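> Provided herewith is a single structure, encoded as structure tokens, for subsequent inquiry.
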Amino acid sequence: MSREAGVLLAISSLPSKYGIGCFSKSAYNFVDWLKEAGQTYWQILPVGPTSYGDSPYQSFSTFAGNPYFICLEDLIKEGVLTEEECDAVDFGEKEDDIDYEKLYKGRFPLLRKAYERSNISENPEYCKFVQENSWWLSDYALFMAVKNFFDGVEWTQWPEDIRLRYGYALDYYRKELYFEIEFQQYMQFKFFQQWYALKSYTNSRGIRIVGDIPIYVAMDSADTWAHPELFQLDERNIPVAVAGCPPDGFSATGQLWGNPLYRWDYHRNTQYAWWVSRLWYCFNLYDVVRIDHFRGFDEYFSIPYGEDSAVNGHWEKGPGIELFRRVEQCLGWHPVIAEDLGYVTDSVRRLVWETGFPGMKVLEFAFDSRDSGSANDYLPHNYPENCVVYTGTHDNETVVGWLDSITEEEQKMARDYLCDHVTPKKELYKPFVALAMRSNARMCIIPIQDYLGYDNTCRMNKPSTVGTNWRWRVQEKELTEELQKEILHTTKTFGRMNWN
């Protein structure tokens, strides 16, 4: 197997002019920058439309794209917006931060203007897109139109006729909200038009995109509303149980995520048709698919609906290898990364091994004083070749922030492992990056913050918190030629150079 490297940077974290990273020229510039840095992969976060809290892991649809990522400059070139209109909107003052409230209030009115000037219904490419994607787009566009009609409240609070999808109610809202539905379809058309152009360019530069999908869908999503049969809901479409994870050393009450759980018996009886469709779709969107919370396919944590913590939850068996055998039977083999972090049982290890998918290793987990034995799975000398190593993920502290937060004992453990007691602490992130790069793992992905040596003010997400996450952006001036050469040198040194 070849040794490869890549960089983790969310679309939203790209530099751009109008408040959030998007499919603008800056995205293409970043691809060029990665190419010159010798990288093979660009890993991103989920690209779905986000709900309350702005988390890409809680999306209104597992199939739709985030309208925030539509490049406004392209719409200016098309003549459906003017530069003056875009410049007049207040998207926030900080280039390194996303102000989601201003983004929401400013971007959708612009997109609405673009739609109203587009004569989109006369565009044959749009008509083809709507027809080919009707299997998910019709429900999604109606869902969003009705949600906006009811001022954004969750679908579980809609009037019964549309909440339970009575035929006459569906007909009524499709007619009443015709133009709002078309607007939603227009935004999806522009999103995917721009996305596939960027992906095509990225691939032409010899770089592959690692996409990311959550195992669960959000309760407040078109998926749950349109297909309640897929989930553990009662006859009123109220959840019976929801997802989370149990109490552990980090949280005495566990984590209550609130996502609806799958009715695996139904999926099994339909030969996993929905999952086959979902993964087929993702394999077209991305070159590699990372599946979040992979252990949920082996066992999932079920919490009775209405609980305010995860204390009273219990484990249930998931579909196991049967699901992935069916996917491979229908779609053939495709590259997948299994996010197998956290408490990993022997049965989870077996499932990952049976699929053949590489699991994940996070370097920050290797120096936990509570698990200081040499058999620690996260110590690089224990890595199998078939895995992906990260210094940290979007959920972790940056390496610099982590070094500031760990105990003196753990810092000594790390320095002893590095055989480095002389590098100043503020520069120690560089040996850590090198440690990941020289490991036996076939693939090495480094968050851009760790190449830049940034502290936790640039952290992407702190789990179980709301309000300050998913906001960080890199600035164009930070993606220097000097940094590019440093990354190239490290990548070459450890045999991970992309020669394409």
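Counting from 1, one number per residue, gives the positions in the sequence shown under my numbering. Every residue gets a Cβ at the ideal spot worked out from N, C-alpha and C, and that includes glycine. Computed from a predicted structure; not experimentally measured.
Can you tell me whether N284 is buried or exposed, with buried defined as 16 or more other CB within 10 angstroms of its CB?
Here residue 284 refers to the residue found at position 284 of the sequence shown. Exposed, by the Cβ-count rule.
> Any idea if N269 is buried or exposed, counting beta-carbon neighbours within 10 angstroms, 16 or more meaning buried?
Position 269 of the sequence shown, counting from 1, holds the residue named residue 269. The residue is exposed, with fewer than 16 neighbouring Cβ atoms inside 10 Å.
> Within the continuous alpha helix (DSSP H) that includes M144, where are the two ends?
In the sequence shown, counting from the first residue as 1, residue 144 sits at position 144. That run of the alpha helix (DSSP H) goes 134-149.
> What are the complete beta strand (DSSP E) segments, minimum 3 residues, inside the stretch 184-251?
With a minimum length of 3 residues, the continuous beta strand (DSSP E) runs that stay inside the stretch 184-251 are 208-213, 241-245.
> Quick one: residues in its chain with C-beta nearer than 7 Å to the C-beta of L81, no 5 flanking neighbours on either side, listed in chain order?
As a working note, residue 81 is residue 81 in the sequence shown. Excluding sequence neighbours, L81 sits near L72, L75, L110, K113, A114.
> How close, in whole Å, do the beta carbons of G359 and C387 come, if the pair is a contact with beta carbons under 8 Å?
Position 359 of the sequence shown, counting from 1, holds the residue named residue 359. Position 387 of the sequence shown, counting from 1, holds the residue named residue 387. 5 Å between Cβ atoms; contact.
> From the DSSP output, which residues share a beta bridge with K25?
Locating residue 25 in the sequence shown gives position 25, where the first residue counts as 1. DSSP output for K25 lists no bridge partner at all.
> Inspect the beta-carbon positions of R236 and V31 and report whether they are closer than 8 Å.
As a position in the sequence shown, residue 236 is number 236, starting the count at 1. As a position in the sequence shown, residue 31 is number 31, starting the count at 1. No. Outside cutoff.
> Thinking C-alpha only, which one of K477, G453, N440, L351 is nearest P431?
Within the sequence shown, residue 431 is the residue found at index 431, counting from 1. The residue with the shortest Cα to Cα distance from P431 is G453.
> Return the Cβ separation of D139 and A222 in integer angstroms, given the expectation that the two are a contact with Cβ distance under 8 Å.
Within the sequence shown, the letter at position 139 stands for residue 139. Within the sequence shown, the letter at position 222 stands for residue 222. About 5 Å; that satisfies the 8 Å criterion.
> Measure the Cβ-Cβ separation of P46 and I215 and say whether it is below 8 Å.
Along the sequence shown, one-based indexing puts residue 46 at 46. Along the sequence shown, one-based indexing puts residue 215 at 215. No, the Cβ-Cβ distance between P46 and I215 is not below 8 Å.
> Out of curiosity, what's the CA-to-CA distance linking R278 and M413?
As a position in the sequence shown, residue 278 is number 278, starting the count at 1. As a position in the sequence shown, residue 413 is number 413, starting the count at 1. If I take the Cα positions, the gap works out to 43 Å.
> DSSP beta-bridge partners for M360?
Counting from one through the sequence shown, the residue named residue 360 turns up at place 360. Beta-bridge pairing links M360 to V388.
> Going by CA-CA distance only, name the one from P124, N440, V400, G332 that's closest to E385.
Walking along the sequence shown from the start, residue 385 turns up at place 385. Cα-wise, what sits closest to E385 is N440.
> Which word fits H314, buried or exposed, when buried means at least 16 other C-beta atoms lie within 10 angstroms of its C-beta?
Looking up residue 314 in the sequence shown gives position 314. By the neighbour-count rule (16 or more Cβ atoms within 10 Å), H314 is not buried but exposed.
> How far does the beta strand (DSSP E) with Q449 in it extend, from its first residue to its last?
Counted from its first residue, the sequence shown places residue 449 at position 449. Element bounds for Q449: not the beta strand (DSSP E) but the alpha helix (DSSP H), 448-452.
> One question on the structure: do T491 and M497 come within less than 8 Å of each other, judged by their Cβ atoms?
Within the sequence shown, numbered from 1, the residue matching residue 491 stands at position 491. Within the sequence shown, numbered from 1, the residue matching residue 497 stands at position 497. Cβ distance < 8 Å, so T491 and M497 count as in contact.
> How is the alpha helix (DSSP H) around N259 delimited, first residue to last?
Within the sequence shown, the letter at position 259 stands for residue 259. Unbroken run through N259 is the beta strand (DSSP E), 255-260; no alpha helix (DSSP H).
> What would DSSP say about M443, mapped onto helix, strand or coil?
Taking the sequence shown and counting its residues from 1, one reaches residue 443 at position 443. If DSSP states are grouped into helix, strand and coil, M443 belongs with the strands.
> Would the stretch 250-261 count as touching the stretch 33-40 if we require 3 or more Cβ pairs under 8 Å?
Segments in contact, no.
> Would a C-beta distance cut-off of 8 Å place Y68 and I20 closer than the cut-off?
The count along the sequence shown starts at 1 and reaches residue 68 at position 68. The count along the sequence shown starts at 1 and reaches residue 20 at position 20. Result yes, Cβ atoms of Y68 and I20 sit closer than 8 Å.
> By alpha-carbon positions, which one of T465, W225, E125, E95 ends up nearest to D61?
As a first step, residue 61 is located in the sequence shown; it is residue number 61 there, counting from the start. Here the sequence assigns Ser to residue 61, which means Asp is not the residue at that position. It is W225 whose Cα lies nearest to the Cα of S61.
> Out of I446, F189, D287, D450, point me to the one whose CA is closest to E427's CA.
What you label residue 427 is simply residue 427 of the sequence shown in a count that begins at 1. It is D450 whose Cα lies nearest to the Cα of E427.
> Whole angstroms is fine: what's the gap from Y52's alpha carbon to Y417's?
One-based indexing of the sequence shown puts residue 52 at position 52. One-based indexing of the sequence shown puts residue 417 at position 417. One C-alpha to the other measures close to 42 Å.
> Pop quiz: L351 and V389 are said to be a contact at Cβ under 8 Å. What is the actual Cβ separation, rounded to whole angstroms?
Numbered from its first residue, the sequence shown carries residue 351 at position 351. Numbered from its first residue, the sequence shown carries residue 389 at position 389. Actually they are not in contact, since the Cβ atoms of L351 and V389 sit about 20 Å apart, beyond 8 Å.
> Which same chain residues, not among the five before or five after F23, have their C-beta less than 6 Å away from its C-beta?
Here residue 23 refers to the residue found at position 23 when the sequence shown is read from its first residue. Only F69, C71, Q194, L198 meet the Cβ criterion.
> Given this structure, state the Cα-to-Cα distance separating N123 from V130, to the nearest angstrom.
Within the sequence shown, numbered from 1, the residue matching residue 123 stands at position 123. Within the sequence shown, numbered from 1, the residue matching residue 130 stands at position 130. Computed Cα separation, rounded: 11 Å.
> Which of the three DSSP states is assigned to R290 in this structure?
Here residue 290 is taken as the residue at index 290 of the sequence shown, counted from 1. Correct three-state label for R290: strand.
> Buried or exposed for K94, please, with buried defined as at least 16 other CB atoms from any protein chain shown within 10 angstroms of its CB.
On the sequence shown, position 94 is the one that residue 94 refers to. Looking at its Cβ environment, which holds fewer than 16 other Cβ atoms inside 10 Å, K94 is exposed.
> Apart from the five residues on each side of it in sequence, which residues of its chain come closer than 6 Å, Cβ to Cβ, to L9?
In the sequence shown, the residue the question calls residue 9 occupies position 9. Cβ neighbours of L9 beyond the five flanking positions: I448.
> Do S121 and E182 come within 8 Å of each other at the CB atom, strictly closer than that value?
Translated into positions along the sequence shown, residue 182 becomes position 182. Translated into positions along the sequence shown, residue 121 becomes position 121. Contact: yes.
> Taking Y173 as the reference, give the member of V146, A5, W333 with the closest Cα.
Within the sequence shown, the letter at position 173 stands for residue 173. Comparing Cα positions, the closest option is V146.
> Which of helix, strand or coil does DSSP assign to P424?
Within the sequence shown, the letter at position 424 stands for residue 424. If DSSP states are grouped into helix, strand and coil, P424 belongs with coil.
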